[in-house]
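Structure record follows, encoded as structure tokens.
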Amino acid sequence: MLYLAITPEVSSVRAYDEPDGYARRIPYLAIVTVTHLTDTTAYLHGAVGKVDREMWAATLNLLRERGVKTVMLERHGRMKTIVL
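Numbering (UniProt numbering), first residue to last: 1 to 84.
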């Protein structure tokens, strides 16, 4: 017997200026790729678009709500670790 498990390892966070933007397929303002290193650690990369303080704060809150406790990202050539 073979038993399979699937784990989500990469996800995308998209920012919209209207509700239900993804469902309506409207253009996003920004997108960030999230690589889930463990259940509680994520690496953010590939940010494109209007990635401002509001976007970062909302992204960190979303990850916190989903159980992420540590976020890693590269900023100006240096790795940063953020404990949520």
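For glycine and all other residues, C-beta sits at the position ideal for the given N, C-alpha and C.
In the three-state reduction of the DSSP assignment, L73 falls in the strand class, which pools E and B. In the structure shown, T33 adopts extended strand secondary structure according to DSSP, grouped into three states.
Checking the DSSP bridge columns, you'll see Y43 partnered with T35 and M72. Taking 8 Å as the cut-off, the Cβ atoms of T70 and V51 do not count as close. Here V68 is not near A47, since their CB atoms are 8 Å or more apart. One alpha carbon belongs to V34, the other to D17, and they sit about 21 Å apart.
Taking the Cβ atoms as the reference, E74 lies roughly 7 Å from H45, within the contact range of under 8 Å.
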